[in-house]
Amino acid sequence: MAGSQGSIPVTMLSGFLGSGKTTLLRHLLENSSLKIGCIVNDVADVNIDAKLIRNDRTKSRKGEQNTTADLADTIELANGCACCSIQEELFGSFEKLLTIADQKGVKYDRFVLENSGVAEPQNLRDKFNDALASGHPLMARIRLDTMVTMVDSGSFFADWSSKAPLAARPDLGEGGNLRPVVDLLVEQIECADYVLLNKIDLLGREHLDSLTAIVSSLNRLAEVVACEQAKVDIVKVFGPEAKPLVAQLTTEGQHRGAVIAALQERKRDAPEPSTATPAAAGAHAHNHEGHDDHSHADHAKPSAEQQAGHSHAHDHKPGHNHEGPKEHSHGHAHHDHSHGDHSHHDHAHHDHSHAPERQETTAAARFGIRSFVYARRRPFHPQRLRETVLQWIPVSHNKATGNLQATPGDSPLKAVLRSKGFMWMANSHNTAFFWSHAGQHFEVRDEGEWWAAVPDDEWPEPGMQRDVVIQDFDLSSAFGDRRQEIVFIGRSMQQEAITQRLDGALLTDAEMDQYKQRFCKIPDPSHPDVEHLQQAKRART
1 MAGSQGSIPV TMLSGFLGSG KTTLLRHLLE NSSLKIGCIV NDVADVNIDA KLIRNDRTKS
61 RKGEQNTTAD LADTIELANG CACCSIQEEL FGSFEKLLTI ADQKGVKYDR FVLENSGVAE
121 PQNLRDKFND ALASGHPLMA RIRLDTMVTM VDSGSFFADW SSKAPLAARP DLGEGGNLRP
181 VVDLLVEQIE CADYVLLNKI DLLGREHLDS LTAIVSSLNR LAEVVACEQA KVDIVKVFGP
241 EAKPLVAQLT TEGQHRGAVI AALQERKRDA PEPSTATPAA AGAHAHNHEG HDDHSHADHA
301 KPSAEQQAGH SHAHDHKPGH NHEGPKEHSH GHAHHDHSHG DHSHHDHAHH DHSHAPERQE
361 TTAAARFGIR SFVYARRRPF HPQRLRETVL QWIPVSHNKA TGNLQATPGD SPLKAVLRSK
421 GFMWMANSHN TAFFWSHAGQ HFEVRDEGEW WAAVPDDEWP EPGMQRDVVI QDFDLSSAFG
481 DRRQEIVFIG RSMQQEAITQ RLDGALLTDA EMDQYKQRFC KIPDPSHPDV EHLQQAKRAR
541 T
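Just so you know, we're using full-length UniProt numbering here: the sequence shown kicks off at 1 and counts up by one.
Shown next as structure tokens:
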């Protein structure tokens, strides 16, 4: 996230209650000379975490060492979750810390925001994005720099398999709603630059390696660090060389990164052209409406920014309704947020460019964890999708987190750890839906309008962000960026079976003709940049 040259970096710390966030803060305060400002966020009636930090500061003053605890100031958010109704209080807390700094005549090296156990990091990241886009004066002095998630290694597999809502698990954080535990767990992991696997002493080597492989496959852009008692390399995670990337993205940008990582994996695994067969080439051996695999994969080796689709600020579609049971935002179209603003992140982004490949290779070699993209340019028939696919979900037992492999006759999704992506439904021409499956939880949610249905004057300004939008358009059809684009991650998945079932839920040729007659009577708004490319393509052919 862009900020002024001298702005103070903010680290957002997420994780369930008991995962070790406070222990990590204690480790940071006791063992570093960095000047740290802390915003402690807990939804309990009595904010125990804040008291622990203050006690540590008192103890440090009695000792002989002058540690960060003497240099830190703590602001307590005692009214609840920072990601909901108290954005003003959250930003007001940063302003208080800045006032303290001005009064002392010192500059903080970093602010650390400790989220409550049930806080939603994506929503908080959106609030920073919104503040930046709206020109909030605070953003001239602070910037969201890195996102760190603490995972309780000892309870991960149980939490992943849980059907319980957060409201039934106060041990993970009070104030939870009906959102499934696994749904928030996967968000915390995917929305992080660093995932710290704490309490590894509770796992055997094989389970730890499996956990590391799974988490790495869920977030290729994060660095996964195993630790005991939250003891990590402070300089690496909190110092000036900390590597931000996911904090700079949006939900759509994260999805682009997952798509490209899966497509690159398929290219690496593909046989040489002389020996390749249609079946070996992957799930896209047959074509639906001229789909060209995926435009994001046309470049030989994108950088980490390209893996995320350069998508820093236009997530997802204008007009998205943020109301609903989970009450968390999926982003907005920040049209005035130019890519050039990120020049100070170039080095960090470059450093990340090879980490996803390294993590994937380790996971695949030891545990057979792979990913693939189901990509089509034809809508699903709602009833057939429900009958042939959704009856699989949620699965009664997810084999991706166990030692078993799927066998013929089983639901192919039993070997799927995570699946997510955009859906095009035949009964809703303009609405982009998002498929999200993790563990035993599955949902399809409204993500707003496809860009093709959005007037051109509501698009990002000309430049890289607009180019990224156009990359999703099928220039050979009138349907724009409407598509199926679902990433599947799992162990020994039955890719062919999953693909065949999904293909069976697509509209038939006859149904597609009816669809065109029904919806093409009202064309999408004009998009001159797309039309120019379409004309150029026709001229070449």
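Cβ atoms here follow ideal geometry from the backbone N, Cα and C, with glycine treated the same way.
Bear in mind the structure is a predicted one, so any value in this text is a computation, not a measurement.
query, result
"Under the three-state DSSP convention, the category Glu447 falls into", "strand"
"Rounded straight-line distance, which links the Cα of Glu120 to that of Pro165", "14 Å"
"Phe16 - containing beta strand (DSSP E), residue span", "First-last for Phe16: undefined, no H or E at that position."
"Boundaries (first-last residue) of the alpha helix (DSSP H) holding His429", "First-last for His429: undefined, no H or E at that position."
"Exposure label - Asn427; buried when at least 16 CB within 10 Å", "exposed"
"Where Val106 sits in the DSSP three-state scheme", "coil"
"Collapsed DSSP secondary structure at Pro244 in the structure displayed", "coil"
"Per DSSP, the bridge partner or partners of His437", "Ser419 and Phe442"
"Three-state secondary structure (DSSP) of Phe380", "strand"
"Local conformation of Phe473 per DSSP, three classes", "coil"
"Pairwise C-alpha distance: Ser411 and Gln391", "9 Å"
"Environment of Glu387 [buried if 16+ CB atoms lie within 10 Å]", "exposed"
"Secondary structure of His332, DSSP reduced to three states", "Low local confidence applies: a pLDDT of 35 at His332 is under 50, so the model's placement there is unreliable, and no value is given."
"Pick from Glu252, Lys414, Leu506 and Thr99 that is closest to residue 544, judged by C-alpha positions", "Residue 544 falls outside the range modelled here, since the chain spans only 1 to 541, and no answer is possible."
"Delimiting residues of the beta strand (DSSP E) encompassing Met512", "First-last for Met512: Asp509 to Phe519, but that is the alpha helix (DSSP H), not the beta strand (DSSP E)."
"Which of helix, strand or coil DSSP assigns to Thr388", "helix"
"Segment contact, 8 Å Cβ cut-off, at least three pairs: the region 121-132 with the region 179-193", "yes"
"Per-residue burial, Gln264 [other beta carbons within 10 Å of its own, 16 or more giving buried]", "buried"
"Straight-line Cα distance separating His527 from Ser295", "Note that Ser295 has pLDDT 41, beneath the 50 cutoff, so the model's placement of it is unreliable and the number below is only indicative. Cα-Cα distance, rounded: 19 Å."
"Burial state of Ala258 (16 or more Cβ within 10 Å)", "buried"
"Cα-Cα separation between Glu206 and Ala415, rounded to whole angstroms", "19 Å"
"Cβ separation of Gly173 and Leu97, assumed to be a contact under 8 Å, to the nearest whole Å", "Rounded, the Cβ-Cβ distance is 24 Å, inconsistent with contact."
"Anticipated Cβ contact below 8 Å, Val235 with Leu196, distance rounded", "Contact flag wrong, Cβ pair sits at about 15 Å."
"Gln229 in three-state terms, based on DSSP", "coil"
"Glu88 classed as buried or exposed, judged by whether at least 16 other C-beta atoms fall within 10 angstroms", "exposed"
"Nonlocal neighbours in the same chain, by C-beta distance under 7 Å from Ser210, ignoring five residues either side", "Phe367"
"Contacts around Ala242, its chain only, beta-carbon distance under 6 Å, and the 5 residues preceding and following it disregarded", "Thr146"
"Range covered by the beta strand (DSSP E) that runs through Arg169", "No beta strand (DSSP E) contains Arg169, which DSSP labels as neither H nor E."
"Top-ranked residue by Cα proximity to Val148, from Ser492, Asp126, Gly20 and Glu531", "Gly20"
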